[in-house]
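S.K.:
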Amino acid sequence: MSKMTGGPRGWLKVVTAALFGFMLLLGPVSPAFAQQSDSGVAGKKFVIGTDTTFAPFEFRKNGELTGIDMDLIRAIAKSEGFEVEIRSLGFNAALQALTSNQVDGVIAGMSITDERKKVYDFSEPYFESGIQMAIAKGNTDIKGYEDLRGKTVVAKTGSEGETYAKSIAEQYGFTVKSLDQSATMYESVKAGSAVAVFDDYPVLAYGVAQNNGLKTVTEKVPGGSYGFAVNKGKNTALLGAFNDGLAKMKANGEYDKLLNTYLADPTAEVPSNFWDLLVKSFPALMKGLGNTLLVTGISFVVAMALGLLAGFMKISSNIVVRGIATTFVNIFRGTPLLLWAFMFYFGLPQLTGVEISIWVAGVLTLSLNSGAYIAEIVRGGIQSVDPGQLEASRSLGLGYGKSMQKVVVPQAFKMMTPSLINQLIIMLKDSSLLLAIGFGELLYQGQQIYAANFRVTETLIIVGLIYFVAIMALTKLANYADRKFNK
Amino acid sequence: MSASTVEAKPAKITVNGLRKSFGSNEVLKGIDVEIGEGEVVCIIGPSGSGKSTLLRCLNKLEEISAGHVVVDGFDVTDPKVDINEVRRHVGMVFQHFNLFPHMSVAENIMLAPVELKKATKAEAREQALKLLDRVGLREKADARPASLSGGQKQRVAIARALAMSPGIMLFDEATSALDPEMVGEVLQVIRDLAAEGMTMVLVTHEMGFAKEIGDRVVFMADGVVCESGKPEDLFGNPQQERTKEFLSKVL
Ligand SMILES: Nc1ncnc2c1ncn2[C@@H]1O[C@H](COP(=O)(O)OP(=O)(O)OP(=O)(O)O)[C@@H](O)[C@H]1O
Ligand SMILES: [Mg+2]
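First to last, the protein sequences are chains P and Z. Residues 812 to 1298, numbered by the numbering used here, are exactly what the first sequence covers, in order. Residues 39 to 289, numbered by the numbering used here, are exactly what the second sequence covers, in order.
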């Protein structure tokens, strides 16, 4: 099924590998620290990691996480008397969080494989999946694999769909192109750059029922089964409770009812036009915008403090002080933002054994990166003030600090303001990268929406417009403040 | 060092064996000067001879490499001496004015008294207006420096330097950056200060003015005091070859 080996994004794999290589250099990974009592589950609360967007197993409807996995784990929790806190992290991130014991279990439409069994313990299978092929709705030429000769099909990178498609590619004479996300694959089939998509049967079935513009023409090929996972040897009681609850649901018919909700008769309302889509997605997107603005605002304040400190340190006459500031600036200007997001959210907890909230990780990432740039802006601003200004102030008997504060810095700030506004806007845009660790900012919310309704282009246009309007408003506001205070 | 030390006035500034190097370049090579209370001393000399550097050593805008400088009773070479305290006794006027562009004219003058808690804002403003009266610019109190002419800027700079009521004023080529028609108004302000008995050290290229206003003229060349004396002696009957050569070029 989906995601046999790695994740939905190629670069994620690379960065993760690099990060873990770095960890190995630093020392042994610290032992478990999340909840791990093995003595029964009643009354306890467990943190469960999941994917961000893997309809129909997990996706957002009106801002709420829903789907087969979500309904299942909640129903089991209820019947077994424990509580769950769901963290929508993304598939790879959820598995990393499980490895580092940041979460107690993962349910994410995950196939049970021998590879994974080496590091995780799996529940009884809760879903029998398979692979199916789909083509564009209006395509009448393709009725079976034989009609694929000379054509290109798409499949998800590292998925069972890809493995299966490749296994028959030679026999039927077609080419397999690998893409990272279901939504992207469907778009390329609809756009005609590929004629067919091989994907997990439940995902396809759900999409087709959602009017995603595709249809299936072949039978499903039976494949593996999905399981709920805990870290190897940990949370055995939770695993037992899951198996117990699942068995009860299968026995009393609730299980079939649950599957039918999503696969036989999808209930999610599909927006019929652009306006409808806008209205339906607006609340979730506004929540995302709120998070974007808040994380940018907090980070900018921290970045300003850091940047001022490092900027002044850079003009210090003390070589050690200068060296510290230069090192800080070079490190954070010389490494990608995303690396630090992963480092703070996944790496640091493993090294220190202290869990880090996604807000702290996000603010650290953005503010340290921007702080380095602001330090340079501050240094440049101060050095651009005529040295005669400091001399005149010193000659009046004012100390260095007072002279800086009253004479040099106000003039430097005036020169720095346009660059600072620019930095603020860059930060606002960069905050979208935090979606990689599952931070619920604007673009993340957009992804959630199109993963559920397959309206990729329109959703992205709406998200883009919101960013654009927010940034224009911010620019106007900042320029107004600049004119007002920097006459 | 010079004949003028015999004058009875108490010494306001004493410079002893002052040396100053920038890296390996020795700019001041042992300077001895004594300046009495109320005395007006003009420093002249070729470009690069160290005139500005000497002036800037008097209020320690430059670190002093060797020797002693005593100003108003403070040994500025003593690391224990609070240099900010000394600077309040010494006003300085720069060639390029160095007014604070983000403050009004009055605020420029009020900065030191207010920040150093010598006066409340209201008192400082009143004093600033009086100083502006003295330099004839009261109506410019709330203007920005950028809107002033060069001569007006320099007069404001002088008013600012006077704000802490210093006993000594240093001028480094205060009229060199001015259009010729504005030189007069600034010289007049300096003349008034001299008449009030202010102790002043002026680096200047205006030989006529030095002759007129100076109680004494010091001629510097290559980092040493080459010759010094009363203006009529130094200009009328120079003793050193270097002095004669310099004067023949500028007069
Ligand atoms: N901050 C500095 N760093 C290095 N060298 C300096 C510095 N300031 C002055 N000098 C050098 O010291 C020498 C004397 O400079 P100073 O400015 O005192 O001369 P000056 O007599 O005032 O000349 P001018 O009439 O051109 O103003 C010059 O050779 C100059 O290059
Ligand atoms: Mg000079």
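Even for Gly, the Cβ is constructed at its ideal location relative to N, Cα and C.
At 9 Å on the CB atoms, spell out the chain Z contacts of Val1218 (chain P), in chain order.
M.R.: For the purposes of this step, residue 1218 (chain P) is identified with residue 407 of the first sequence, where counting begins at 1. Per Cβ cutoff of 9 Å: Phe138, His140, Met141 and Leu149.
S.K.: Who are the neighbours of Gln1222 (chain P) on chain Z, taking C-beta pairs under 9 Å?
M.R.: Sequence index remark: in the first sequence, residue 1222 (chain P) carries index 411 (1-based). The contacting residues are Phe138, Pro139 and His140.
S.K.: Quick check: what's the CA-CA separation for Gln1256 (chain P) versus Ala195 (chain Z)?
M.R.: Position 445 of the first sequence, counted from the first residue, corresponds to residue 1256 (chain P). Position 157 of the second sequence, counted from the first residue, corresponds to residue 195 (chain Z). In a straight line, the C-alpha of Gln1256 (chain P) is about 60 Å away from that of Ala195 (chain Z).
S.K.: What residues from chain P crowd round Leu169 (chain Z), counting only those whose CB sits closer than 7 Å?
M.R.: The residue labelled residue 169 (chain Z) in the question sits at position 131 within the second sequence. The contacting residues do not exist; Leu169 (chain Z) stays about 13 Å from chain P at best.
S.K.: Taking Asp217 (chain Z) as the reference, which of Z:Gly188, Z:Arg193 and Z:Met207 has the closest Cα?
M.R.: By 1-based counting over the second sequence, the position of residue 217 (chain Z) is 179. Of Z:Gly188, Z:Arg193 and Z:Met207, the residue nearest in Cα terms is Z:Gly188.
S.K.: Check the Cβ-Cβ distances between Leu1231 (chain P) and every residue of chain Z, and say whether any is below 8 Å.
M.R.: Working through the first sequence from its first residue, we reach residue 1231 (chain P) at position 420. Closer than 8 Å: no.
S.K.: Report the partner residues of Asn1297 (chain P) according to the DSSP bridge assignment.
M.R.: Locating residue 1297 (chain P) in the first sequence gives position 486, counting from the first residue. In the DSSP output, where bridge partners are listed per residue, Asn1297 (chain P) has none listed.
S.K.: Answer with buried or exposed for Lys1045 (chain P), where buried requires no fewer than 16 other C-beta atoms within 10 angstroms of its C-beta.
M.R.: One-based indexing of the first sequence puts residue 1045 (chain P) at position 234. It counts as buried.
S.K.: Excluding the 5 residues preceding and the 5 following Ile1248 (chain P) in the sequence, name in chain order all residues of the same chain whose CB lies nearer than 8 Å to its CB.
M.R.: Position 437 of the first sequence holds residue 1248 (chain P). Once the five neighbours on either side are set aside, the close Cβ partners of Ile1248 (chain P) are Leu900, Gly901, Ala904, Ala1152, Phe1153, Tyr1156, Phe1157, Ile1169, Ala1172 and Gly1173.
S.K.: So what does DSSP say about Ser185 (chain Z), is it helix, strand or coil?
M.R.: For the purposes of this step, residue 185 (chain Z) is taken as the residue at position 147 of the second sequence. Ser185 (chain Z) falls in the helix class under three-state DSSP.
S.K.: What does DSSP give as the partner residues of Asn1042 (chain P) in its beta bridges?
M.R.: Walking along the first sequence from the start, residue 1042 (chain P) turns up at place 231. Looking at the DSSP assignment, Asn1042 (chain P) forms a beta bridge with P:Tyr931.
S.K.: Exposed or buried, which one is Lys929 (chain P) when buried takes at least 16 other CB atoms within 10 Å?
M.R.: By one-based count along the first sequence, residue 929 (chain P) stands at place 118. Flag for Lys929 (chain P) reads exposed.
S.K.: Beta-carbon within less than 7 Å of Asp915 (chain P)'s beta-carbon, same chain only, minus the 5 sequence neighbours each way: which residues are those?
M.R.: Your numbering for residue 915 (chain P) matches position 104 in the first sequence. The answer, listed in chain order, is Ala845, Gln846, Phe857, Val858, Ile859, Val1041, Asn1046 and Leu1049.
S.K.: With 7 Å as the C-beta to C-beta threshold (strictly closer), list the residues of the region 150 to 162 of chain Z near chain P in chain order.
M.R.: Of all residues in the region 150 to 162 of chain Z, Ala150, Glu153 and Leu154 have a Cβ within less than 7 Å of some Cβ in chain P.
S.K.: How should Ile147 (chain Z) be labelled, buried or exposed, when 16 other C-beta atoms within 10 angstroms of its C-beta is the threshold for buried?
M.R.: The residue given as residue 147 (chain Z) occupies position 109 in the second sequence. Its Cβ being crowded by 16 or more others within 10 Å, Ile147 (chain Z) is buried.
S.K.: If we ignore side chains and look at the alpha-carbon of each, how far apart do Gly252 (chain Z) and Ile82 (chain Z) end up?
M.R.: Along the second sequence, one-based indexing puts residue 252 (chain Z) at 214. Along the second sequence, one-based indexing puts residue 82 (chain Z) at 44. In a straight line, the C-alpha of Gly252 (chain Z) is about 11 Å away from that of Ile82 (chain Z).
S.K.: Apply the 10 Å Cβ neighbour rule to Ser1303 (chain P) and answer buried if 16 or more other Cβ atoms are within range, or exposed otherwise.
M.R.: With chain P represented from 812 up to 1298, any question about residue 1303 (chain P) goes unanswered, as that position is not in the structure.
S.K.: Under a criterion of Cβ closer than 5 Å to any non-hydrogen atom of ligand 1, which residues qualify, in chain order?
M.R.: My final list is Z:Phe60, Z:Val65, Z:Ser85, Z:Gly86, Z:Ser87, Z:Gly88, Z:Lys89, Z:Ser90 and Z:Thr91.
S.K.: So Glu223 (chain Z) and Arg193 (chain Z) are supposed to be a Cβ contact under 8 Å. How far apart are they, rounded?
M.R.: By 1-based counting over the second sequence, the position of residue 223 (chain Z) is 185. By 1-based counting over the second sequence, the position of residue 193 (chain Z) is 155. Right, the Cβ-Cβ distance comes to about 7 Å (below 8 Å), so this counts as a contact.
S.K.: Are the Cβ atoms of Tyr1278 (chain P) and Gln1234 (chain P) separated by less than 8 Å?
M.R.: Here residue 1278 (chain P) refers to the residue found at position 467 of the first sequence. Here residue 1234 (chain P) refers to the residue found at position 423 of the first sequence. No, Cβ-Cβ distance for Tyr1278 (chain P) and Gln1234 (chain P) is not below 8 Å.
S.K.: Rounded to whole angstroms, what's the CA-CA distance from Arg1133 (chain P) to Gly1122 (chain P)? Just pull it up for me.
M.R.: Residue numbering aside, residue 1133 (chain P) sits at position 322 when the first sequence is read from its first letter. Residue numbering aside, residue 1122 (chain P) sits at position 311 when the first sequence is read from its first letter. Rounded to the nearest angstrom, the two C-alpha atoms are 9 Å apart.
S.K.: Identify whether Pro839 (chain P) lies in helix, strand or coil by the three-state DSSP scheme.
M.R.: The residue labelled residue 839 (chain P) in the question sits at position 28 within the first sequence. Confidence in Pro839 (chain P) is poor, its pLDDT being 41 and thus under 50, which makes the residue's placement unreliable; the coordinate value appears in the next sentence. In this structure, Pro839 (chain P) counts as coil in the three-state DSSP scheme.
S.K.: Applying a beta-carbon distance threshold of less than 7 Å, which residues of chain Z neighbour Gln1200 (chain P)?
M.R.: Reading the first sequence from its first residue, position 389 is the one you call residue 1200 (chain P). Those are Asn136 and Phe138, listed as they occur along chain Z.
S.K.: Tell me the DSSP bridge mates of Ser59 (chain Z)?
M.R.: Indexing the second sequence from 1 puts residue 59 (chain Z) at position 21. For Ser59 (chain Z), which the question treats as bridged, DSSP gives the partners Z:Glu64.
S.K.: DSSP three-state call for Gln1256 (chain P): helix, strand or coil?
M.R.: Here the question's residue 1256 (chain P) lines up with position 445 in the first sequence. In the structure shown, Gln1256 (chain P) sits in a helix (DSSP, three-state: H, G or I).
S.K.: According to the neighbour-count rule (16 or more other Cβ atoms, all chains shown, within 10 Å of its Cβ), is Ala1292 (chain P) buried or exposed?
M.R.: Start at 1 with the first residue of the first sequence, and residue 1292 (chain P) comes out as number 481. Counting Cβ neighbours within 10 Å, Ala1292 (chain P) comes out exposed, since fewer than 16 surround it.
S.K.: Examine the Cβ distances between the region 114 to 127 of chain Z and the region 72 to 82 of chain Z and report whether three or more of them are shorter than 8 Å.
M.R.: Counting Cβ pairs under 8 Å, fewer than three are found: no touch.
S.K.: What does the alpha-carbon distance come out to for the pair Gln1200 (chain P) and Val1220 (chain P)?
M.R.: Translated into the one-based positions of the first sequence, residue 1200 (chain P) becomes position 389. Translated into the one-based positions of the first sequence, residue 1220 (chain P) becomes position 409. Each residue's Cα considered, the two are about 11 Å apart.
S.K.: Is there at least one Cβ from chain Z nearer than 8 Å to Gln846 (chain P)'s Cβ?
M.R.: Translated into positions along the first sequence, residue 846 (chain P) becomes position 35. With a pLDDT of only 39 at Gln846 (chain P), under 50, the local geometry of the prediction cannot be trusted, and no value is derived from it.
S.K.: Going by other Cβ atoms of all chains shown within 10 Å of its Cβ, with 16 needed for buried, is Phe978 (chain P) buried or exposed?
M.R.: The sequence position of residue 978 (chain P) within the first sequence is 167, counting from 1. The question names Phe, but residue 978 (chain P) in the sequence shown is Ser. Looking at its Cβ environment, which holds fewer than 16 other Cβ atoms inside 10 Å, Ser978 (chain P) is exposed.
S.K.: Contact between the region 940 to 950 of chain P and the region 999 to 1008 of chain P: three or more CB pairs below 8 Å?
M.R.: The region 940 to 950 of chain P vs the region 999 to 1008 of chain P: in contact.
S.K.: Does the beta carbon of Val241 (chain Z) fall short of 7 Å from some heavy atom of ligand 2?
M.R.: One-based indexing of the second sequence puts residue 241 (chain Z) at position 203. Correct: Val241 (chain Z) has its Cβ closer than 7 Å to ligand 2.
S.K.: Nearest by alpha-carbon distance to Gly969 (chain P): which of P:Asn1023, P:Leu990 and P:Arg898 is it?
M.R.: On the first sequence, position 158 is the one that residue 969 (chain P) refers to. Per the Cα distances, P:Leu990.
S.K.: Is the distance from the Cβ of Ala919 (chain P) to the Cβ of Val1014 (chain P) below 8 Å?
M.R.: Within the first sequence, residue 919 (chain P) is the residue found at index 108, counting from 1. Within the first sequence, residue 1014 (chain P) is the residue found at index 203, counting from 1. The answer is no: Cβ separation not under 8 Å.
S.K.: Would you verify that the beta carbon of Gly1208 (chain P) is, or is not, closer than 8 Å to some beta carbon of chain Z?
M.R.: For this step, residue 1208 (chain P) is matched to residue 397 along the first sequence. It does: the Cβ of Gly1208 (chain P) has a partner Cβ on chain Z nearer than 8 Å.
S.K.: Tell me the DSSP secondary structure of Met1097 (chain P) in three-state form.
M.R.: Taking the first residue of the first sequence as 1, we reach residue 1097 (chain P) at position 286. Helix, per DSSP.
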